[in-house]
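What follows is a set of notes on a single structure, which appears directly below.
Residue numbers (this note's numbering): 79 to 464.
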């Protein structure tokens, strides 16, 4: 194994920060990259605002992000980062900075994994300035932070292994988006077939409400059983487990249709592992497929949510469902939809499970590769075996 060298973060390239102001935000135009744009090592442009061409010229006087720049936040959301893609016109927003790599010293994709790795994350924590309202890091001292670096050939090899896993995860995400779109189109076709049925929500759907598990039985991950709470409906990764057993407990399985009952009521298939349903979350089912249930309740649930938007924090109650009328496809059209759509939804659920396994493998390999304790050849053998 080649020797790793001790160097500093500033030696890897040049650090720039964005303007300390906010332009007028628009719905079209060049992207305005903000901290919400950074999501688990990837740049999510759907979370970015836009600026006018005039503001873009002003906001890029110091630096214009180019492909391969390492984007990161130096305030509030510390520790996340992403690489700037090619073909995108964008400027840095407030609290955002970038490292423009010296390509003779550092490989951009390797730098991203180094930044996200546990060693550099500890360095960030050690240098975090805890203010009265926000946490931040000083860009003035960041350049002197110590880092360990292999040679360029080893960097590229490490990035290739980890990047292969991330590429597979991204492919699964694209598959999920395609599956969602197809299921929606199939349901619309079923509605347009005619002979629709009309009735009250509980005429067609059954709802299991979550139980009030006691905090005294809460435990860390891996101890007991995972508890599915509202916050987990975005990540599908429960952070709280419980050792409690209840007579009224509901077990949620992959693909079950879950609905949060506070703030955001959007129905979603559960894409995590089997777990227990906590209070203020419910599971909806019907005599038809889970794909049917998911699509059929979207409209009624959105209607309820829309009529509660005037309050500060909205809540979904059983009485809301009891008083809601629904229109669903006729029996024959529903059976055709079940036959066509459930397999598509199952594909999405399976893709999510595979993405979860790939992410676990990536997260296990990342610290070992970044510390030099695992040879790239061994890691590549594991990835190639998938």
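Built from N, CA and C at the ideal position, the CB exists for glycine as well.
- prompt: If you scan the region 291-356 from start to end, which runs of the beta strand (DSSP E) of 3 or more residues do you find wholly inside it?
  reply: Fully enclosed beta strand (DSSP E) runs of 3 or longer: 303-306, 335-338 and 353-355.
field: For residue 186, the three-state DSSP class (helix, strand or coil)
entry: Reduced to three states, the DSSP call for residue 186 is helix.
- prompt: What is the DSSP secondary structure of residue 403, reduced to helix, strand or coil?
  reply: Strand.
Option in 381, 92 and 149 with minimal Cα separation from residue 180: Per the C-alpha coordinates, the member of 381, 92 and 149 positioned closest to residue 180 is 92.
message: Is it buried or exposed, residue 247, if we count other Cβ atoms within 10 angstroms and call 16 or more buried?
response: Residue environment for residue 247: buried (at least 16 other C-beta atoms within 10 angstroms of its C-beta).
query: Can you list, in chain order, the residues of its chain whose CB lies under 6 Å from that of residue 157, leaving out five sequence neighbours each side?
result: In the same chain as residue 157, and ignoring 5 residues on each side of it, the C-beta atoms closer than 6 Å to its own belong to 199 and 202, in chain order.
message: From the DSSP secondary-structure annotation, give me the bridge partner or partners of residue 287.
response: Residue pairing for residue 287: DSSP places it in a beta bridge opposite 360.
Three-state secondary structure (DSSP) of residue 454: Residue 454: helix per DSSP, three-state reduction.
message: Using the three-state DSSP reduction, which class does residue 176 fall into: helix, strand or coil?
response: Correct three-state label for residue 176: strand.
- prompt: What first and last residue would you give for the alpha helix (DSSP H) that runs through residue 261?
  reply: For residue 261, the enclosing alpha helix (DSSP H) has its first and last residue at 230-270.
- prompt: Going by other Cβ atoms of all chains shown within 10 Å of its Cβ, with 16 needed for buried, is residue 131 buried or exposed?
  reply: It counts as exposed.
message: With H, G and I counted as helix, E and B as strand and the rest as coil, what does DSSP make of residue 181?
response: For residue 181, the secondary structure class from DSSP, reduced to helix, strand or coil, is coil.
query: By how many angstroms is the C-alpha of residue 250 removed from the C-alpha of residue 408?
result: C-alpha separation (whole angstroms): 33 Å.
- prompt: For the 8 Å Cβ check, are there 3 or more pairs between the region 206-221 and the region 127-147?
  reply: Short answer: they don't touch.
- prompt: So what does DSSP say about residue 278, is it helix, strand or coil?
  reply: In the structure shown, residue 278 falls within a strand segment according to DSSP collapsed to helix, strand and coil.
message: One question on the structure: do residue 137 and residue 101 come within less than 9 Å of each other, judged by their Cβ atoms?
response: The answer is yes: Cβ separation under 9 Å.
- prompt: Do residue 306 and residue 349 have their CB atoms nearer than 9 Å?
  reply: Going by C-beta atoms, residue 306 is not nearer than 9 Å to residue 349.
query: Who are the near neighbours of residue 22 in its chain, counting only those whose CB is closer than 7 Å to its CB and skipping five residues on each side?
result: This structure cannot speak to residue 22, because the chain is shown only from 79 to 464.
Spatial distance of residue 177 from residue 204 (CA atoms): Rounded to whole angstroms, residue 177 to residue 204 spans 20 Å at the Cα level.
- request: For the beta strand (DSSP E) holding residue 370, just list the boundary residues, first then last.
  value: Taken as a continuous stretch (DSSP letters only), residue 370 belongs to no beta strand (DSSP E), being part of the alpha helix (DSSP H) at 368-384.
message: Are the CB atoms of residue 439 and residue 194 within a distance shorter than 9 Å?
response: Taking 9 Å as the Cβ cut-off, residue 194 and residue 439 do not qualify as a contacting pair.
message: Looking at the secondary structure, which residues open and close the beta strand (DSSP E) in which residue 84 lies?
response: That run of the beta strand (DSSP E) goes 83-86.
message: Please state whether the Cβ-Cβ distance between residue 466 and residue 458 is less than 9 Å.
response: Residue numbering for the chain in the displayed model covers 79 to 464; residue 466 lies beyond these limits and cannot be assessed.
- request: From the DSSP output, in three-state form, read off residue 104 for me.
  value: Note: residue 104 maps to strand in three-state DSSP.
query: Are residue 275 and residue 406 close, meaning C-beta to C-beta below 9 Å?
result: One thing to note: residue 275 has its Cβ within 9 Å of the Cβ of residue 406.
Among 324, 365, 170 and 395, the one whose alpha carbon lies nearest that of residue 339: Closest by C-alpha distance to residue 339, out of 324, 365, 170 and 395, is 395.
- prompt: So what does residue 95 bridge to, in DSSP terms?
  reply: 175.
field: Opposing strand residues paired with residue 117 [DSSP bridges]
entry: For residue 117, which the question treats as bridged, DSSP gives the partners 120.
query: Within 10 angstroms of its Cβ, does residue 123 collect 16 or more other Cβ (buried), or is it exposed?
result: In the assembly as shown, residue 123 is an exposed residue. Its beta-carbon has fewer than 16 other beta-carbons within 10 Å.
- request: Report the rounded CA-to-CA distance for residue 297 versus residue 359, giving the unit in angstroms.
  value: So the alpha carbons of these two residues sit roughly 20 Å apart.
task: For the beta strand (DSSP E) containing residue 224, list its first residue and its last residue.
output: Segment 224-227, the beta strand (DSSP E) holding residue 224.
Nearest-angstrom Cα separation, counted from residue 243 out to residue 402: One C-alpha to the other measures close to 45 Å.
message: Quick test of the definition: if touching needs 3 or more C-beta pairs under 8 Å, does the region 409-423 touch the region 260-270?
response: As far as the Cβ criterion goes, the region 409-423 touches the region 260-270, which means the pair count is three or higher.
query: Quick one: is residue 426 buried, meaning 16 or more other Cβ sit within 10 Å of its Cβ, or exposed?
result: The residue in question, residue 426, is buried, as its Cβ has 16 or more Cβ neighbours within 10 Å.
- request: Could you say which of 150, 95, 105 and 88 lies nearest to residue 115 if we only look at CA atoms?
  value: It is 150.
- prompt: Quick one: Cα of residue 44 to Cα of residue 227, how far?
  reply: With the chain represented from 79 up to 464, any question about residue 44 goes unanswered, as that position is not in the structure.
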